Every structure is written in structure tokens, then in C-alpha cells.
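Asks: Residue numbers (our numbering), protein chains in the order written: chain A, 1 to 113; chain B, 1 to 109. For each residue, glycine too, the CB sits at the ideal point set by N, CA and C. Please read all numbers here as calculations on a predicted model, not as lab measurements.
(1) Please name the residues in the stretch 50 to 71 of chain B whose beta-carbon is closer than 7 Å to at least one beta-carbon of chain A, in chain order.
(2) Under 8 Å Cβ to Cβ from residue 57 of chain A, same chain only, skipping five residues before and after it: list those, please.
(3) Which value, in whole angstroms, describes the spacing of the CA atoms of residue 77 of chain A and residue 65 of chain A?
(4) Nearest to residue 21 of chain A by CA position, among A/33, A/97, A/29, is which residue?
(5) Just mark residue 75 of chain A as buried or exposed, buried being the case when its beta carbon has 16 or more other beta carbons within 10 Å.
(6) Please name the residue in B/78, B/107, B/13, B/89 whose C-alpha comes closest to that of residue 36 of chain B.
(7) So, at 7 Å on beta carbons, what are the nonlocal neighbours of residue 17 of chain A in its own chain, with the 5 sequence-adjacent residues on each side left out?
(8) Quick one: is residue 41 of chain B buried, meaning 16 or more other Cβ sit within 10 Å of its Cβ, or exposed?
(9) Quick one: is residue 74 of chain A near chain B, going by C-beta distance under 9 Å?
(10) Compute the Euclidean distance between the alpha carbons of residue 60 of chain A and residue 43 of chain B, then round it to the nearest angstrom.
(11) For residue 25 of chain B and residue 106 of chain A, what's the separation of their Cα atoms in angstroms?
(12) Just the chain A side, please: which residues come within less than 7 Å of residue 86 of chain B by C-beta, in chain order?
(13) Beta-carbon within less than 8 Å of residue 70 of chain A's beta-carbon, same chain only, minus the 5 sequence neighbours each way: which residues are those?
(14) Would the beta-carbon of residue 19 of chain B fall within 9 Å of that of residue 42 of chain A?
(15) How many angstroms separate the CA atom of residue 2 of chain B from the CA atom of residue 27 of chain B?
(16) Pick helix, strand or coil for residue 80 of chain B, following the three-state DSSP scheme.
(17) Can a CB atom of chain A be found closer than 9 Å to the CB of residue 74 of chain B?
So this is what it looks like as C-alpha cells:
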């Protein structure tokens with residue numbers, strides 16, 4: 001069964017360092033989302049892609065966060081520089097043409113020391 | 001601004017008892033409402049959505065626009081229902097979800 005893949009699963013970094021997360025959506029899914037989930041909270045949308053184009057990045061802290069999906073398939077989310085408050089689970093999700101159900105990846109747990 | 005409120009962080013009930021997880025939303029238009037579930041060590045997955053009006057794993061949820069609620073119900077809880085439950089809303093042009101903070105449901109034997 002096709003699943004959304006994410007790597008790494010865990011990342012520990014020091015503040016002011018750069019980190020990057022990778023997501024490979026289900027094959028054929030044109031829409032890709034990045035969410036951030038702080039401990040004890042629900043996921044919060046950071047950015048949404050339709051193919052290679054950004055549809056919504058209104059909640060993305062653009063001074064330090066960037067996201068790309070150059071070929072409209074896999075995607076990378078980068079944080080530079082990382083801050084203590086960035087410690088969270090970063091989730092990737094994708095949807096097919098019907099756009100009904102979002103399929104989530106296992107997430108990348110980031111710890112900033 | 002759209003918002004989803006789940007007032008209970010933790011809900012503990014005995015096996016066989018009825019379950020109701022509360023969800024209230026704030027949105028000016030006609031939203032789509034969802035319940036997502038995360039079992040231990042598994043990824044977040046869709047449980048049900050209001051448009052389909054179906055019962056999944058014995059759970060149902062009815063959208064009440066007057067009370068702006070979308071409570072999740074099950075008449076007889078089972079131990080395997082223990083999980084984190086998130087209510088989510090999709091509204092507006094883009095279809096990213098707005099999630100509540102989640103309710104941790106524990107079913108005691």
C-alpha cells in the first residue's frame with residue numbers, strides 16, 4: 001500500500017544551525033502539505049503545494065523557513081537558523097485529485113538544543 | 001479566522017460505555033468537518049468526514065450548524081478505540097486543514 005515517506009524520522013540540532021526535512025508523497029498526488037505539530041497541540045498548516053506551485057504559505061515563518069517542490073513530486077522543508085521554539089513534529093501529507101482525504105507521513109521529530 | 005475547539009484533553013471511559021468527543025468550530029462559511037485519529041505508534045489517519053455521513057468503526061458524527069458542533073459518538077466503546085482524536089475543518093479557497101488540539105481517549109477494561 002502506498003504511503004507518504006518522510007526523512008529523517010528524528011533530528012537533533014543546536015540553535016542557529018540549519019536543518020532540512022524531506023517528504024515523498026504518494027505517487028500521483030498533486031497536492032502536498034507541510035504541518036507543524038507542537039507537543040500537546042494539533043497540527044498547524046505551514047505550506048501547501050499544488051504540483052510545484054505554492055498555494056498557501058500564509059503561516060510559514062518566511063524569515064527562517066523555506067519550502068520547495070521543484071519537480072512537483074518530493075518536497076524539502078528547511079529551517080535556517082533553527083530556534084528553540086522550532087522543536088516540534090513536522091508532518092507531511094498529500095492528497096489525490098479528489099482532494100478528500102489527506103494521507104499523512106510518519107513525521108520528523110525535531111529537537112533544537 | 002477559522003478555529004476548532006476540542007474542550008477535553010483527556011477522556012477516560014470504561015469498555016462498553018458510550019463515548020462522545022466534543023468538537024466546536026468557528027467559521028463564517030460552510031465548512032467541511034473531519035475527524036482524524038492517531039493510534040499508538042501509527043500515523044494520523046482519516047476516521048470520517050461529515051459529507052459522507054457514514055459510520056466508521058462504530059463512530060458517527062453529525063454536523064450541527066446551529067451549534068457549530070461536530071461531536072464524535074460511539075454507543076459502546078472498545079479497548080481498541082484508545083487513541084488521539086483530532087477534529088479538523090477545511091474552509092476557504094486552499095484546502096489545508098485547521099485542527100483542534102486533540103482529545104486523548106482512553107478506554108479502560
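Replies: Working from what's here:
(1) none
(2) 46, 47, 48, 67
(3) 7 Å
(4) A/33
(5) buried
(6) B/89
(7) 81, 82
(8) exposed
(9) no
(10) 23 Å
(11) 27 Å
(12) 42
(13) 52
(14) no
(15) 5 Å
(16) helix
(17) no
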